[in-house]
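Inspection log for the structure reproduced underneath, given as structure tokens.
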Amino acid sequence: MFTVLLLDAEEGLGITETIGAAIAFGIYFLPAIIGRNHRQSGSIALLNLLLGWTIIGWIAALIWSVSTPTPVIVQQAPPAPKENPSVADELLKLSQLRDTGVLSEEEYQQQRTKALSR
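69 is the number that this note's numbering gives to position 59 of the sequence shown; each next residue is one higher, with no gaps.
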């Protein structure tokens, strides 16, 4: 019923058969090779692998691989505006810096005068 082709172990595949198989392999996976830089290259290769044996699947994968993908437009939100701290907040921050020793009394007075002049 079924005929099984057995290759003689000593013969193996000849150079002609090996080259023919490589060419057939290349033609079969041509859509995946062409679409390797496509944004959806994995999907193209999967379609080619699973449905490439049907001529329609192979043609669909080929058309998909040469199509130009629609560009993805990414819009960045503008940065949030910086909130100007109120004078009271700035004076509180300055007094905390003075109390912890980061600012000397002179520096505190200069920054306090500067903050109050705003």
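Beta carbons are placed, not taken as given, at the ideal position from N, Cα and C, and that holds for glycine.
Reduced DSSP category for residue i - H, G, I as helix; E, B as strand; rest coil
| i | result |
| --- | --- |
| W68 | helix |
| R108 | helix |
| P95 | coil |
| L113 | coil |
| S53 | helix |
| R46 | helix |
| P41 | helix |
| Q120 | helix |
| G30 | helix |
| V76 | helix |
Close beta carbons around residue i, own chain, < 7 angstroms, minus the five adjacent residues each side
| i | result |
| --- | --- |
| K118 | Reading off the sequence, residue 118 comes out as Tyr, not Lys. Here the set comprises L104, R108. |
| R49 | P79 |
| V76 | I44 |
| V97 | A125, L126, R128 |
Residues near residue i by beta carbon distance below 6 angstroms, same chain, minus five either side
| i | result |
| --- | --- |
| L61 | G67 |
8 angstroms contact criterion, which residue i and residue j should meet: CB distance rounded
| i | j | result |
| --- | --- | --- |
| I25 | A42 | Not confirmed; about 26 angstroms, so no contact. |
| I72 | L40 | Inspection of the sequence shows that residue 72 is occupied by Leu rather than by Ile. L72 to L40, Cβ: 7 angstroms. Contact. |
Own chain residues within Cβ distance below 8 angstroms of residue i, not counting five before or after
| i | result |
| --- | --- |
| Q86 | none |
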